[in-house]
Each structure stands twice: as structure tokens, then as C-alpha cells.
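Chemist: I have a structure here, written as C-alpha cells, and I will follow up with some questions on it.
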Amino acid sequence: MTKMNTNPNGSLFPDHDSLTAADHRLTERLGAARRLMPSRDVVPGGPSGVWLRELRSMEFDQPKELAGLVEWVIEGLETGTVHVTHPGYLGLFNPAPTFAAECADRIVSVFNPQICVHSHAPAAVEIELHVIREVARRAGMPDGSGGHFTSGGSEANLTGMLCALQAGSPAYGDDGLCAFAHPPCIFVSEESHLAWLKIAHAAGVGRNAVRLIQTDGRGRMDPEALTETIETDVRSGNMPVMIAATAGTTNAGMVDPLTQCGEIARKHGMWFHVDAAWGGALIARDTGALRGIEQADSITIDAHKWFATTMGAGMFLTSRPDLAAQVFRIDASYMPRSDTAKDFYVNSNQWSRRFVGLRMFLALGTAGWIGYADHVERAIRLADRLAWLLQHEGWSLVNHSPMAVACLVPPEGHEAVRNYVDAVRSDGRFWVSTAIFEGKPVLRACITNGRTSERDIDALVEVLASVRV
């Protein structure tokens, strides 16, 4: 009988000394990439033609040395990615992550817990449950509130919609839309994140079930228009099931009138959800900007936005965790007896689950709420500084947001916005975007990086002042 080689494959599972040496090299290389980031262009030229040809020629027939592959990948990211971790990136909310969140990812990668069931990873599950409870408490939700981490805001918002449908008809979990005698409909602002249309499709109600409510001229959902639309739907034989207010619109950082939206939802027996994926970090400050969020039946907050964890860490919070357990209930013979409060596979959409909550736990534990309040306030001060300096140059600020975003119009008017944005990006040191606010184009600058400084803001103003339209 031929003797079999039972040793681990060294390419996949190197010995301890080799692994440690490779880990040290990787740490040094990533440290160099981080150190050099501010000196790079925010938008590099893209991966080289040589790099792309090498990628397309890789057929994986023969193994390659890990060290060479790692260096090749890092070079590709250095030259072929918009650098959202650059202090000059003032774009969509993709943050430079906290170091604590980076540490969490390394820890999780070593232990790799599967946290869908409490009995398999009790320490990890308890950490996530504790973070969820503390965030819900900070948001003012009642005792007994719960929830779970998600892949991001879309999954959390989908969960909110499914809970709303379950609340609308207890038979929904088994019978789907057949459980409703009348077509269900959802109400969101025109300025909401329009992933709601995809979510409605995924939930089975269809895109046409989403009512886009007009805004009040300041980027916020108009309560009168909301009430009128709901009443029209009721008269038409439809069934309003959910109002989804936004706390931090993508374009302009505006907050819908949460208290009024909650009152309207209760009056009509509807589920009240707040999409605070970005603006939820304002709970670290006690300023009243999110007054009314505590009334919500469910809330979405992304840890990977203003809380600045690494990507893919949303949170779903609810005052009715029993409904999530009804929505996602399952009985599998190969799983241990389930606990609907602690076993995520029976109260959330995911089954195989990464321990993403450790990112928020380490970051919040390191900084505390007071540290996050400072982080948020600092970003707001920088956005205010940018707006103040440009207003002295003849620009107009058109949004008045409690968040760290400025929507600005140059002296030449809305039609010149694109020219200014193109000029900024061509400079290389900064990235800003165009947006549409109340139907007109604006230059949008958002503070997403905890290392962005007053010097960066002043330099951006100099770039804008040098543009000739």
C-alpha cells in the first residue's frame, strides 16, 4: 500500500515560523501603504496595462509564491482604487476605518468563528448582542429591544420591510403576499436611498408598491404629502404597511421629520422604520438632531459609515425582536435546538455569519461614546469651515444639515458645478462629487475621514478658487 502524505499543504497552511515571518512582512508593507497614502492622488490612473494583462493570464494551473502575489495585489490596489482612506477624499460615505476595526478583522480572521448559533461561538455572539443592546439604548429605544448585525444598510432595511409585512399580517411568513386582502404599500421620501426599490422587489411586493413622497423644499419628507398619499392609498383599496423615514439622506444629509412620521405611522397602524445608516452616528451627540428616532419600530445604522469600521457592518435594531424571529424562523435537523433570542440563523437573514460586530465593539470600547461624539463634532466643524470659507468666495450653501456634508453652488450658478468638480478631481489631491438637491446640481463635499484636517479644507478652497469657468 502506497504511503499517503498526510502533512498539511504548505502553500495553504504554512508552518508557524513561516506564517509569522510572512505576517510581519505583510504588516510592514501595509504600514508603508498607509504612511504613503496622503502623498498619493486620491484617484490614481488605474491599474497598468501590464497589471491587467498579468491578471487575465492567470489560469491558476501552477502555484505561485504568496509574497509575490501579495505585493502584486497591493500594487493593484494602490494604482487601481479610488482611495477612500485618503484625507482628501470628501465623497460618498466610505470611511477611513478606525484602527480598532482593522484589529478586529485580524482577530476574527485567526479564530474564524461561525456565529449563526450561540452554542458554537458564545463569546462572539454575546459581544454582538451586547453592542446591539447598547446602541439601541443610546438611540432611546425601549428595554427589551434587540436586533443583529447585517452585511450593510440594504440588508437591515430589507429586514425592516419584512418585519413590517409580518406585523401587517401574521400569515405573511407562511403565505407571503397572499396573506394580504389588499396590496401592501411602503412610503419613503424622494430623497431616500432608492435601494428601497430593490428591497421591495426582493420582498415580493414589487417596485410599484413603493411610494416616493415629495420633499418640503429642504430635502426632507413632507408630512402633509405623506398623509395625503396614505389616505389616497386607503381610499384606493391598498394597505399602507410601513413608513421608512431617512436620518441622513445620501445627497445632502437631511433628516426627515421623525416625530411627525412616527405619529402618522401610529395613527394609521403602520410600522415605523428609520434608515439612519449614515446619520445614526449622531446618537453619540445629545443634540436633538435625531429626535423621534426612539419611536421607531426598527432602525438601520451602518457601523461602516460614520462609526468608521471596515466595510460590511450594518446593524438592524428593533423594539419588536419577536417579529424578526417570526420572519426568519426555521427548523433544521442538523442544527441544535434554537434560541430565537441568541441564535442568529433563526432571527436574521444570514446563516453563515462573520463576526463583524467585533469591529464596533473594539472601536466603541476604545473611544467610548465621548470619543465618537468628538469624532462626529470634528467632522461637522470641518464641513462648516468649508461652507464658511466658500461662502466668502461667493458660493451658496443650499443644504442646512446637522451632518458633516455641504452642498454648494458656485458663484456662476448650478450649471457650473460639473466644471468645478472636474477641476478638483484633475488636481488629484481631492475627490468631491456632484449631487442633485431639490432638482438642481450641487457640488457635494462630505467629511468621511477622521484624519482630514483644516489644512486639507483650506487647500481644497484654494483649488476651487483657482478654477476658471
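Under the working numbering, the first residue of the sequence shown is numbered 6, with each subsequent residue one higher.
Ideal Cβ placement from N, Cα and C applies to all residues, glycine included.
(1) DSSP beta-bridge partners for ARG364?
(2) How far does the beta strand (DSSP E) with ASP307 in it reach, from first residue to last?
(3) For VAL113, which residues of its own chain have a beta-carbon under 7 Å away from its beta-carbon, when the five flanking residues on both sides are left out?
(4) From the DSSP output, which residues share a beta bridge with ARG456?
(5) What's the gap between the Cα of GLU229 and the Cα of GLY222?
(6) List the whole-angstrom C-beta distance separating GLY165 from THR305, where the pair is believed to meet the contact cut-off of C-beta under 8 Å.
(7) Over the uninterrupted alpha helix (DSSP H) stretch that includes PRO326, give me the two end residues.
(8) Pick from PHE349, ASP379 and ALA392: whose alpha carbon is nearest that of VAL466?
(9) Using the Cα positions of ARG423 and ALA38, report the straight-line distance between them to the nearest angstrom.
(10) Would you tell me roughly how many angstroms separate the C-alpha atoms of LEU217 and GLY54, rounded to the nearest one?
(11) Any idea if PHE442 is buried or exposed, counting beta-carbon neighbours within 10 angstroms, 16 or more meaning buried?
(12) Once you ignore the five residues that flank TRP77 on each side, which residues in its own chain have a CB closer than 8 Å to its CB?
(13) For the beta strand (DSSP E) that contains PHE277, what are its first and last residues?
(14) Tell me where the alpha helix (DSSP H) around ILE235 begins and ends.
(15) Check the C-beta distance from GLY317 over to GLY157 and give it rounded, since I have them as a contact under 8 Å.
(16) Thinking PRO49 and GLU83 are a contact (beta carbons under 8 Å), I'd like their distance in whole angstroms, please.
(17) PRO147 to PRO13, Cα distance in whole Å?
(18) Just verifying my parser: in three-state terms, what is the DSSP assignment at LEU448?
(19) Do you know how far the Cα of PHE18 is from the Cα of SER62?
(20) Can you tell me whether DSSP reads GLU154 as helix, strand or coil?
(21) Let me check understanding here. Comparing Cα to Cα, which of ALA257, ASN256 and ASP280 lies closest to CYS266?
(22) In chain order, what residues of the same chain lie with their CB nearer than 7 Å to the CB of VAL140, ignoring the 5 residues before and after it?
(23) For HIS1, is the classification buried or exposed, using 16 other Cβ atoms within 10 angstroms of its Cβ as the cut-off for buried?
(24) In whole angstroms, give me the CA-to-CA distance for LEU469 and ALA428.
(25) For ASP302, count neighbouring C-beta atoms within 10 Å of its own C-beta (all shown protein chains included) and say buried if the count is 16 or more, exposed if not.
(26) My output table needs one value for CYS412: the three-state DSSP class, helix, strand or coil.
(27) Helix or strand or just coil, what does DSSP make of THR264?
(28) Can you tell me the Cα-Cα spacing of PHE104 and ARG138, whole angstroms?
Modeler: Taking the geometry as given:
(1) Residue mapping note: residue 364 aligns to position 359 of the sequence shown, counting from 1. DSSP output for ARG364 lists no bridge partner at all.
(2) Here residue 307 refers to the residue found at position 302 of the sequence shown. Residues 303-307.
(3) Against the sequence shown, residue 113 aligns to sequence position 108. Once the five neighbours on either side are set aside, the close Cβ partners of VAL113 are ARG359, PHE360 and LEU363.
(4) Translated into positions along the sequence shown, residue 456 becomes position 451. ARG456 is not bridged to any residue.
(5) Along the sequence shown, one-based indexing puts residue 229 at 224. Along the sequence shown, one-based indexing puts residue 222 at 217. Answer to the nearest angstrom: the Cα atoms are 13 Å apart.
(6) As a position in the sequence shown, residue 165 is number 160, starting the count at 1. As a position in the sequence shown, residue 305 is number 300, starting the count at 1. Correct: roughly 7 Å between the Cβ atoms.
(7) As a working note, residue 326 is residue 321 in the sequence shown. Per DSSP, PRO326 belongs to the alpha helix (DSSP H) from 326-332.
(8) On the sequence shown, residue 466 is found 461 positions in, with the first residue counted as 1. That would be ALA392, whose Cα lies nearest to the Cα of VAL466.
(9) What you label residue 423 is simply residue 418 of the sequence shown in a count that begins at 1. What you label residue 38 is simply residue 33 of the sequence shown in a count that begins at 1. Computed Cα separation, rounded: 31 Å.
(10) Position 212 of the sequence shown, counted from the first residue, corresponds to residue 217. Position 49 of the sequence shown, counted from the first residue, corresponds to residue 54. About 44 Å.
(11) Here residue 442 corresponds to residue number 437 of the sequence shown, with the count starting at 1. Under this definition PHE442 is a buried residue.
(12) On the sequence shown, residue 77 is found 72 positions in, with the first residue counted as 1. Within the same chain, TRP77 has close Cβ partners TRP56 and GLU59.
(13) The residue given as residue 277 occupies position 272 in the sequence shown. Counting along the chain, the beta strand (DSSP E) containing PHE277 begins and ends at 276-280.
(14) Translated into positions along the sequence shown, residue 235 becomes position 230. Where ILE235 is concerned, the enclosing alpha helix (DSSP H) stretches over 228-240.
(15) Taking the first residue of the sequence shown as 1, we reach residue 317 at position 312. Taking the first residue of the sequence shown as 1, we reach residue 157 at position 152. With 8 Å as the limit, GLY317 and GLY157 qualify as a contact, their Cβ atoms being about 6 Å apart.
(16) On the sequence shown, position 44 is the one that residue 49 refers to. On the sequence shown, position 78 is the one that residue 83 refers to. Right, the Cβ-Cβ distance comes to about 7 Å (below 8 Å), so this counts as a contact.
(17) By 1-based counting over the sequence shown, the position of residue 147 is 142. By 1-based counting over the sequence shown, the position of residue 13 is 8. Their Cα atoms are separated by approximately 51 Å.
(18) In the sequence shown, counting from the first residue as 1, residue 448 sits at position 443. The answer is strand: DSSP assigns LEU448 an E or B state.
(19) The residue given as residue 62 occupies position 57 in the sequence shown. The residue given as residue 18 occupies position 13 in the sequence shown. For SER62 and PHE18, the distance between alpha carbons rounds to 26 Å.
(20) Your numbering for residue 154 matches position 149 in the sequence shown. First, the amino acid is wrong: residue 154 is Phe here, not Glu. Note: PHE154 maps to strand in three-state DSSP.
(21) Taking the sequence shown and counting its residues from 1, the one referred to as residue 266 is at position 261. The shortest C-alpha separation from CYS266 is found at ASP280.
(22) For this step, residue 140 is matched to residue 135 along the sequence shown. Around VAL140: ILE306, MET320 and LEU322.
(23) With the chain covering 6 to 474 only, the question about residue 1 has no answer from this structure.
(24) Within the sequence shown, residue 469 is the residue found at index 464, counting from 1. Within the sequence shown, residue 428 is the residue found at index 423, counting from 1. Between LEU469 and ALA428, the C-alpha separation is close to 8 Å.
(25) Working through the sequence shown from its first residue, we reach residue 302 at position 297. By the neighbour-count rule (16 or more Cβ atoms within 10 Å), ASP302 is buried.
(26) Looking up residue 412 in the sequence shown gives position 407. In this structure, CYS412 counts as strand in the three-state DSSP scheme.
(27) On the sequence shown, residue 264 is found 259 positions in, with the first residue counted as 1. Helix.
(28) As a first step, residue 104 must be located in the sequence shown, where it is residue number 99. As a first step, residue 138 must be located in the sequence shown, where it is residue number 133. When rounded, the distance between both Cα atoms is 23 Å.
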